[in-house]
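Since the structure comes first, as structure tokens, the remarks are kept for the end.
Residue numbers (the working numbering), protein chains in the order written: chain A, 283 to 737; chain B, 283 to 737.
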């Protein structure tokens, strides 16, 4: 079986934890991200060379980096870059086209990268392939509760290990949700299993424009410019007469907002879900308290709230209001406030940096370079840079010199001098950089050579 | 008229804004602190040489620094250092003794340094001196509301511009508070006016032990070790038969907790009191939102709450629960958590530093040195230090060298090398210091010479 992982989303409902440039699938709570957990499930279904990740240019480095971190030799050609987001049907069509090109007719599982799911259902997913020739298969989760945040699937007649689908139903209100659960309806999980031949023939029938575009001979940029945005539910699954649902009875959540995150997280003895901070709360319960800063957080007489702290933004709201977070993000976007888009820690192909202080005249950054990675050969016109190595070993090119800096050593790079930094060691290299100059914007950079094609 | 400013308190009810080592009178909201506002009122009553500040050793530098900042030539001998806190009566007795020594019999105003008060009542305070020979004068504020957070004074018969006092009353419940306001009782402000002769004779009568200690010939450490803790209300005002209250009709608050801070602060159009952060709140009102970090804070559907963010701690509680903050501080003290005592920015006689990152192997500090101030001549056994000047000019002694560093220049000080830093310039000197070593604790310091007697 081949696997497609959909990793292009930019969740706004977990702001300020997630940002447009740091979506929730790459966030880490504990050792691994939701994306990495998804890869771990897929590796039970497919060889690493048979896993394709559909994402976008800016998230490519997360995919690469998090794959590398897991020790997988994941090839760049298995990362499919969408020029822009056009919904799930084009994304899946893109993935399936590439799989067919490479492997011919196949059975393909399609998995969002931002769900929580245990591995108990893997065998059921594997066995579902016997239905794939005759049906487009969608997976339905056996509900744990009458949840209003999910769409429901009404099963019809039994076919082998699944059911035909009577109806796809939008997110219901509480009363309807209760009825659906009583009647045995299933949560619409957004996971699919397709025989590529059936997928193509059904798409030709129900969304011929997409097939037309992808077969037009245009390049991928042109295709995405022309194609209409459409979801797979609307463009294919709800229209086809040959859809089957296979029940999965496992722990699953789409972690769609902080309230469902609260449901999934472990609670402490006060029934609070606490992560990333020291807790000094009193007489408070039912809260989700998350911090990306090591910080002491104290709630007093506060119940059922969301408190999310990041280095540059803080959110406080009742759990039941957490869907409104996206309105804040919209407001920030209208104001062109970058805190909707970036974190103070910015990820790069070679590692990441954190802005520790940002004044008009100087910046302080903590730079972390992954072992064996190299920054571009570059030059700044308006700023000089001081580097102090605080962990690991640096290889520095400065003008015509080339030398090593060890823990505790430092160097100074004057404005106008070409320089390059790399980590030749086995451990992450950490550097404190103090930038000074008349102008310290990120765009004062001239690149001469780059391992990541950014010249 | 002479003035005594009481500035020794260590408010816990405004944690995490105030800390034991950074009490509320020195906090700045806007341009000046409550202490500085108090000095500004006193300067309308007394010459700067006639103002005495009673404080403690660790707060002395705040007093000096904030006086200097206001441009006052405030003499060190006018700072009276209590070896330990023993309540208001010993503190005031200490101040009055020193005033009598220096100026002989005087009329003395006594003012807490942590209250908000406008200057409209200054003339009334000045005029009250005509009563001071015959009465111990306390000032009573005309209530704006039936506040439960203040003690009340019941006036009796009219004497000149005041009233004799029928009774001092403890903080009442809501119902009683309403009655008191209807009956014309006054808020007990904690401000006094004393003729030194009357003060001394009344104290001899009602708290003879204190007079005995102060006249014993012991030094101040010994006096404070022996003297019993006692408030001026309990030790003098409630016992004397010769007390008069003078009404002040002005805007006044003791800013005793975040709820009274909310009352005093200006509100935005959503009726939130916002300070120090950018606000991105929605459908939220009646909140006090304070930050010492420049941070975006977003409340959604949150009413009447306290949200206080500092670099190392965050408090969230309903305004009506804000008195419980002291319980959190007690818990922290029990855990020996230093966040009850210090801020991440630490004040020193020569300026201040902010801990920007604290790892086991290295520290990053931003150091600010006040013009013309010099740190001690020192040496560290276990850490080396990198200094990068990001603003101003530094004079550096390193081993036998002495040199200047300008904006953008840096130096490296190996462990074991004697060094000294000073600011010879006219503007604050800002340095980024990266400390590296096997041990980076504050106590790895040997001082050889110090302008502030810390060798």
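Backbone N, C-alpha and C define an ideal beta-carbon position, used for all residues, glycine too.
N- and C-terminal bounds of the beta strand (DSSP E) containing residue 526 of chain B: Translated into positions along the second chain, residue 526 of chain B becomes position 244. Where residue 526 of chain B is concerned, the enclosing beta strand (DSSP E) stretches over 525 to 530.
Check residue 742 of chain B in the structure and name its three-state DSSP category. With chain B represented from 283 up to 737, any question about residue 742 of chain B goes unanswered, as that position is not in the structure.
If you follow the alpha helix (DSSP H) that residue 477 of chain B is part of, which residue opens it and which one closes it? Here residue 477 of chain B refers to the residue found at position 195 of the second chain. It is not in any alpha helix (DSSP H) - residue 477 of chain B instead sits in the beta strand (DSSP E) that spans 468 to 477.
Reducing DSSP to helix, strand and coil, say where residue 411 of chain A ends up. Taking the first residue of the first chain as position 1, residue 411 of chain A is located at position 129. The three-state secondary structure of residue 411 of chain A, taken from DSSP, is helix.
Cβ-Cβ distance between residue 485 of chain A and residue 518 of chain A below 9 Å: In the first chain, counting from the first residue as 1, residue 485 of chain A sits at position 203. In the first chain, counting from the first residue as 1, residue 518 of chain A sits at position 236. It is a contact, given that the beta carbons lie within the stated cut-off.
DSSP state of residue 652 of chain A, grouped into three classes? Reading the first chain from its first residue, position 370 is the one you call residue 652 of chain A. It is coil, neither helix nor strand.
Which one of A:579, A:573, A:575 has the shortest CA to CA distance from residue 566 of chain A? Counted from its first residue, the first chain places residue 566 of chain A at position 284. The candidate whose alpha carbon is nearest that of residue 566 of chain A is A:579.
For residue 798 of chain B, is the classification buried or exposed, using 16 other Cβ atoms within 10 angstroms of its Cβ as the cut-off for buried? Chain B is shown only over 283 to 737; residue 798 of chain B falls outside these bounds and no answer can be derived.
Check whether chain A comes within 9 Å of residue 638 of chain B, counting only Cβ atoms and requiring the distance to be less than that. Walking along the second chain from the start, residue 638 of chain B turns up at place 356. Yes, residue 638 of chain B counts as interfacial toward chain A.
Just checking: is the beta-carbon of residue 644 of chain B within a distance shorter than 9 Å of some beta-carbon in chain A? Counting from one through the second chain, the residue named residue 644 of chain B turns up at place 362. It does; some Cβ of chain A falls within 9 Å.
At 3 residues or longer, and completely inside the region 506 to 577 of chain B: list those beta strand (DSSP E) runs for me, N to C. 525 to 530, 555 to 557, 570 to 573
Would you report the Cα separation of residue 513 of chain A and residue 679 of chain A, rounded to the nearest angstrom? Taking the first residue of the first chain as position 1, residue 513 of chain A is located at position 231. Taking the first residue of the first chain as position 1, residue 679 of chain A is located at position 397. If you take the alpha carbons of residue 513 of chain A and residue 679 of chain A, they lie about 49 Å apart.
Let's see if you can read the secondary structure: which residues bound the beta strand (DSSP E) around residue 452 of chain B? As a position in the second chain, residue 452 of chain B is number 170, starting the count at 1. No beta strand (DSSP E) holds residue 452 of chain B; DSSP gives it neither H nor E.
Where does residue 439 of chain B land, buried or exposed, given buried means 16+ other C-beta within 10 angstroms? Numbered from its first residue, the second chain carries residue 439 of chain B at position 157. Residue 439 of chain B should be labelled exposed.
In three-state DSSP terms, what is residue 485 of chain A? Position 203 of the first chain, counted from the start, is the residue given in the question as residue 485 of chain A. Three-state DSSP puts residue 485 of chain A in a helix.
Relative to the alpha-carbon of residue 472 of chain B, which residue among B:631, B:535, B:301, B:597 has its alpha-carbon at the smallest distance? For the purposes of this step, residue 472 of chain B is taken as residue 190 along the second chain, with counting starting at 1. Distances from the CA of residue 472 of chain B to each of B:631, B:535, B:301, B:597 were compared; the closest alpha carbon is that of B:535.
Where do the N-terminal and C-terminal ends of the alpha helix (DSSP H) with residue 663 of chain B fall, by residue? As a working note, residue 663 of chain B is residue 381 in the second chain. Here residue 663 of chain B belongs to no alpha helix (DSSP H), and DSSP marks it neither H nor E.
Selection from B:367, B:444, B:314 that minimises the alpha carbon distance to residue 292 of chain B: Numbered from its first residue, the second chain carries residue 292 of chain B at position 10. Checking every option, the nearest Cα to that of residue 292 of chain B belongs to B:367.
Give the single residue among A:537, A:656, A:647 whose Cα lies nearest to the Cα of residue 429 of chain A. Here residue 429 of chain A is taken as the residue at index 147 of the first chain, counted from 1. Looking at the Cα atoms, A:537 is the closest of the given residues.
For residue 414 of chain A, the nearest candidate out of A:649, A:355, A:480, A:710 (CA to CA): Position 132 of the first chain, counted from the first residue, corresponds to residue 414 of chain A. Nearest of A:649, A:355, A:480, A:710 to residue 414 of chain A, Cα basis: A:480.
Tell me the rounded alpha-carbon separation between residue 649 of chain B and residue 431 of chain B. Start at 1 with the first residue of the second chain, and residue 649 of chain B comes out as number 367. Start at 1 with the first residue of the second chain, and residue 431 of chain B comes out as number 149. For residue 649 of chain B and residue 431 of chain B, the distance between alpha carbons rounds to 40 Å.
Below 8 Å CB to CB, which residues in the same chain sit around residue 284 of chain B once its five sequence neighbours on both sides are set aside? In the second chain, residue 284 of chain B corresponds to position 2, counting from 1. Answer for residue 284 of chain B: 328, 332, 333, 334, 381, 385, 388, 389, 390, 391, listed in chain order.
Does DSSP classify residue 700 of chain B as helix, strand or coil? For the purposes of this step, residue 700 of chain B is taken as the residue at position 418 of the second chain. DSSP places residue 700 of chain B in coil when its eight states are reduced to three.
Taking 8 Å as the threshold, find out whether the region 630 to 642 of chain A comes into contact with the region 313 to 326 of chain A through three or more Cβ pairs. A contact is defined here as three or more CB-CB pairs under 8 Å, and the region 630 to 642 of chain A fails this definition with respect to the region 313 to 326 of chain A.
Which word fits residue 655 of chain A, buried or exposed, when buried means at least 16 other C-beta atoms lie within 10 angstroms of its C-beta? In the first chain, counting from the first residue as 1, residue 655 of chain A sits at position 373. Result: buried.
Beta-carbon of residue 699 of chain B versus every beta-carbon of chain A: anything under 9 Å? Along the second chain, read from residue 1 onward, the residue named residue 699 of chain B stands at position 417. No, residue 699 of chain B lies away from the interface with chain A (no Cβ there is under 9 Å from its Cβ).
Where residue 696 of chain A and residue 581 of chain B are concerned, what is the direct C-alpha to C-alpha distance, given to the nearest angstrom? Your numbering for residue 696 of chain A matches position 414 in the first chain. Your numbering for residue 581 of chain B matches position 299 in the second chain. Their Cα atoms are separated by approximately 44 Å.
Name the residues in the region 715 to 731 of chain A whose C-beta lies less than 9 Å from a C-beta of chain B; which are they? Listed in chain order, the positions of the region 715 to 731 of chain A with a beta carbon within less than 9 Å of a beta carbon of chain B are 716, 718, 719.
Sheet register partners of residue 437 of chain A (DSSP bridge): Taking the first chain and counting its residues from 1, the one referred to as residue 437 of chain A is at position 155. A:447.
By the criterion of Cβ-Cβ separation under 9 Å, what are the contact partners of residue 253 of chain A in chain B? Here chain A has residues from 283 to 737 only, and residue 253 of chain A is not among them.
Chain-order list of residues whose beta-carbon lies under 6 Å from that of residue 716 of chain A (same chain, five-residue window excluded): Taking the first residue of the first chain as 1, we reach residue 716 of chain A at position 434. Cβ neighbours of residue 716 of chain A beyond the five flanking positions: 646, 668.
Close beta carbons around residue 704 of chain B, own chain, < 6 Å, minus the five adjacent residues each side: In the second chain, residue 704 of chain B corresponds to position 422, counting from 1. A distance below 6 Å between beta-carbons, with the five flanking residues on each side excluded, links residue 704 of chain B to the following residues of its chain, in chain order: 656, 677.
Helix, strand or coil for residue 370 of chain B? Go by DSSP, reduced to three states. Working through the second chain from its first residue, we reach residue 370 of chain B at position 88. Residue state, collapsed to three classes: helix.
Out of B:634, B:563, B:603, state which residue places its alpha-carbon closest to the alpha-carbon of residue 608 of chain A. Position 326 of the first chain holds residue 608 of chain A. Nearest C-alpha to residue 608 of chain A: B:563.
Proximal residues, the region 680 to 696 of chain A versus chain B, C-beta separation under 8 Å: 689, 690, 692, 694
Cβ of residue 703 of chain B less than 9 Å from any chain A Cβ? The residue labelled residue 703 of chain B in the question sits at position 421 within the second chain. No, residue 703 of chain B does not count as interfacial toward chain A.
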